[in-house]
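Chains as they are written, first to last, in the working numbering: chain S, -3 to 112; chain B, 11 to 120. Note that beta-carbon positions come from the ideal geometry of N, C-alpha and C, so glycine has one too. Being a predicted model, the structure only gives us computed values, none of them experimental. Below: the structure, in structure tokens.
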């Protein structure tokens, strides 16, 4: 149990366009989802925390107007990178948790974004 | 602010040798510490957490509040232990947010 999926696994977009990444909890209801960013050979940096039905809470230094997060249901959260630029190219990882998982975070496989 | 430090980017050991992956943290309160593992081409998964005080796949980790450390140990390394290991911290009132260290790549050689 406790499987989290992400879609797409890999996306290439042109500079200036927007791209949406989906994070789904497949077999449990996730009251909280987290979005991380990982640069090559570096650690995971938390970008934001989203609770179902509430606005996301962004970490310091993360532009909320650029990285739009929606958590409209207990099984789906989306991250939209707006007006993407090459410096947004990265590996984006989501995780999900809930009382059902005893608040343990279960991670998705990640989405590699390349902005050309 | 809380911080997690993993001083070694790469640790290479021979099969059967003991392994110790170092993790130090800085946080003024009482944190909860975790070790996560990422095998090649797989997602991040929880290996163990200090409150469980259990051994997973032969790995153990003890929280040393005096030294603010949470080192991961295994007496005899196996080839399948080769992976990326991340130490992470959460704290009461932090909404279960995790702060990760930079990770240590463990390579077990035959």
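Asked	Found
Would you check if the region 10 to 23 of chain S and the region 69 to 89 of chain S touch, i.e. whether three or more CB-CB distances between them fall below 8 Å?	yes
Does any CB atom of chain S fall closer than 8 Å to the CB of residue 105/B?	yes
Taking 8 Å as the CB-CB cut-off, is residue 12/B touching chain S?	no
Comparing C-alpha positions only, which one of 16/B, 90/B and 41/B sits nearest to residue 30/B?	16/B
Run through DSSP, which three-state label would residue 41/B get?	strand
Looking at C-beta atoms only, is the number of pairs between the region 18 to 37 of chain B and the region 50 to 61 of chain S that lie closer than 8 Å three or more?	no
Hey, how far is the Cα of residue 61/S from the Cα of residue 105/B?	22 Å
Does any CB atom of chain B fall closer than 8 Å to the CB of residue 106/S?	yes
Using a Cβ cut-off of 8 Å, which residues of the region 85 to 119 of chain B contact any Cβ in chain S, in chain order?	96, 105, 106, 107, 108, 109, 110, 111, 112 and 113
So, is the C-beta of residue 53/B closer than 8 Å to a C-beta in chain S?	yes
Give a yes or no on whether the minimum CB-CB distance between residue 99/S and chain B is below 8 Å.	yes
What is the DSSP secondary structure of residue 97/S, counted as helix, strand or coil?	helix
Where does residue 30/B fall in DSSP's three states?	strand
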